[in-house]
Amino acid sequence: MSLRSPLSRVLGSGSAKEGTDHWWLQRVTAIALVILGAWFLISLAGIESYSAPGMHAWVASPLNATMLLLTSFTLAWHSMIGVQVVIEDYVHGSAMKVASIILNKFVHVFLGLAAVLAILKIVLGGAA
Amino acid sequence: MSNDERPLSPHLTIYRWPITMTLSILHRMTGVALAVGLIAFVFWLTAIAYESVSYELFTGIAESLLGQIALLGWLFSFFFHLCNGIRHLIWDTGRMFEKHQADLSAWAVLVAAVVMTIIYWVAI
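Listed in order, the protein sequences are those of chains A and B.
For the first sequence, our numbering assigns the number 47 to the initial residue and increments by one for each residue that follows.
For the second sequence, our numbering assigns the number 2 to the initial residue and increments by one for each residue that follows.
Okay, here's the thing in structure tokens:
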């Protein structure tokens, strides 16, 4: 008879590795994106000029830049979590599955960082 | 000890196709479409930020027929995924789970997504 508690036995294995983090973060990022997505489309619709300098000025405003940073970060995160679930469902074979999930993470981190860097360049870099 | 005569449980094809299944599949499809759209989103931001990435190249692609179809697709995907996502969040609280409620909310989401897409596309 083991003296370990049931909790202690499952911690670190199976779904208990991360518990409900994946599910929960999908929800939290979803709620954030309801707000950020609505802001993005409404704010985008209100822009006067869609020329390159007009877009640059829109992104460069501190409020827009902050909201865009939040949007990029949350979007990449939510997308990464979501695509991972699709991979887990449809990609079979352990090696292929793990490789796809890792590649998915790399691509999303790359896209998220590229977005953040572009926004920072616009805000901090002065006029285009 | 295989037995070919075993009764099989009814599979998807045996049922009359319910609207909720369409919505479930659409939620995943629009999600994947939006993940691809993330690439376009990043391309758009880099086109604004860097002179080496031509903004005219971006607008050229966006204004082409293929670009317009893609933008319309992403717009619908966004509104659908948004509305159906809210439906999922409501389900997460344990509400609206009855069959007739799920059917009703399915149609509500579809109509809302289409209407929002049309309004936004026309307004822009």
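We put the CB at the ideal spot given by N, CA and C, even for glycine.
Contacts that A/Arg73 makes with chain B (C-beta to C-beta distance below 8 Å): Position 27 of the first sequence, counting from 1, holds the residue named residue 73 of chain A. Within chain B, the residues near A/Arg73 are Leu90 and Asp93.
CA-to-CA distance, B/Ile20 to B/Leu13, given in whole angstroms: The residue given as residue 13 of chain B occupies position 12 in the second sequence. The residue given as residue 20 of chain B occupies position 19 in the second sequence. Answer to the nearest angstrom: the Cα atoms are 13 Å apart.
Length of the line joining the Cα atoms of B/His101 and B/Arg88: Here residue 101 of chain B is taken as the residue at index 100 of the second sequence, counted from 1. Here residue 88 of chain B is taken as the residue at index 87 of the second sequence, counted from 1. If you take the alpha carbons of B/His101 and B/Arg88, they lie about 14 Å apart.
C-alpha gap between A/Lys167 and A/Leu157, whole angstroms: To locate residue 167 of chain A, count along the first sequence from 1; it is residue 121. To locate residue 157 of chain A, count along the first sequence from 1; it is residue 111. A/Lys167 and A/Leu157 have their C-alpha atoms some 15 Å from each other.
Completely contained alpha helix (DSSP H) runs for the segment 26-87 of chain B, where each covers 4 or more residues: 56-64
C-beta atoms of A/Gly83 and B/Leu83 nearer than 7 Å: Translated into the one-based positions of the first sequence, residue 83 of chain A becomes position 37. Translated into the one-based positions of the second sequence, residue 83 of chain B becomes position 82. Contact: yes.
Proximity test, Cβ basis, 7 Å: A/Leu157 and chain B: Start at 1 with the first residue of the first sequence, and residue 157 of chain A comes out as number 111. Yes, its Cβ sits closer than 7 Å to a Cβ of chain B.
Residue environment, B/Leu39, which counts as buried when at least 16 other CB atoms sit within 10 Å: The residue labelled residue 39 of chain B in the question sits at position 38 within the second sequence. Classification for B/Leu39: buried.
At least three beta-carbon pairs within less than 8 Å, the segment 106-115 of chain B to the segment 119-127 of chain A: With contact defined as three or more Cβ pairs closer than 8 Å, the segment 106-115 of chain B and the segment 119-127 of chain A are not in contact.
Under 8 Å from the C-beta of A/Met101: neighbouring residues of chain B: Along the first sequence, one-based indexing puts residue 101 of chain A at 55. Going along chain B in sequence order, the residues near A/Met101 (Cβ under 8 Å) are Ile49 and Tyr56.
Whether A/Ala164 touches B/Leu35 by CB criterion (7 Å): The residue given as residue 164 of chain A occupies position 118 in the first sequence. The residue given as residue 35 of chain B occupies position 34 in the second sequence. In this structure, B/Leu35 does not lie closer than 7 Å to A/Ala164 by Cβ.
DSSP-derived helix/strand/coil call for A/His124: To locate residue 124 of chain A, count along the first sequence from 1; it is residue 78. In the structure shown, A/His124 sits in a helix (DSSP, three-state: H, G or I).
Rounded Cβ spacing between B/Gly86 and A/Ala76 (contact assumed at less than 8 Å): Taking the second sequence and counting its residues from 1, the one referred to as residue 86 of chain B is at position 85. Taking the first sequence and counting its residues from 1, the one referred to as residue 76 of chain A is at position 30. The C-beta separation of B/Gly86 from A/Ala76 comes to about 5 Å, placing the pair in contact by the 8 Å criterion.
Check whether A/Val162 and A/Ser107 have beta carbons under 7 Å apart: Working through the first sequence from its first residue, we reach residue 162 of chain A at position 116. Working through the first sequence from its first residue, we reach residue 107 of chain A at position 61. No, the Cβ-Cβ distance between A/Val162 and A/Ser107 is not below 7 Å.
Closer than 7 Å to chain B by CB, A/Lys167: By 1-based counting over the first sequence, the position of residue 167 of chain A is 121. Interface residue, yes.
Per-residue burial, A/Thr120 [other beta carbons within 10 Å of its own, 16 or more giving buried]: One-based indexing of the first sequence puts residue 120 of chain A at position 74. Buried.
Where the segment 125-155 of chain A meets chain B: residues whose CB sits under 7 Å from a CB there: Cβ contacts with chain B come from Ser125, Gly128, Val129 and Val132.
Contact with chain B by A/Ala105, beta-carbon distance below 7 Å: Numbered from 1 along the first sequence, position 59 holds the residue referred to as residue 105 of chain A. Ala is not the amino acid found at residue 105 of chain A; the sequence shown has Val there. Residue contact check for A/Val105 against chain B: a CB pair falls below 7 Å.
Assumed close pair B/Phe1, B/Phe44 - CB separation to whole angstroms, cut-off 8 Å: Within the shown structure, residues of chain B are numbered from 2 to 125, placing residue 1 of chain B beyond reach of any answer.
Under 8 Å by beta carbon: chain B residues contacting A/Gly83: Here residue 83 of chain A corresponds to residue number 37 of the first sequence, with the count starting at 1. Those are Phe79 and Leu83, listed as they occur along chain B.
Rounded separation between B/Gln69 and A/Glu134 - CA only: For the purposes of this step, residue 69 of chain B is taken as residue 68 along the second sequence, with counting starting at 1. For the purposes of this step, residue 134 of chain A is taken as residue 88 along the first sequence, with counting starting at 1. Looking at the backbone, the Cα of B/Gln69 and that of A/Glu134 are separated by about 32 Å.
Straight-line Cα distance separating B/His28 from A/Trp69: Along the first sequence, one-based indexing puts residue 69 of chain A at 23. Along the second sequence, one-based indexing puts residue 28 of chain B at 27. Between A/Trp69 and B/His28, the C-alpha separation is close to 16 Å.
Contact set for B/Leu73: own chain, Cβ-Cβ below 8 Å, skip 5 residues either direction: Within the second sequence, numbered from 1, the residue matching residue 73 of chain B stands at position 72. The residues are Thr118 and Trp122.
3 or more residues per run - each beta strand (DSSP E) lying fully within the segment 82-125 of chain A: none
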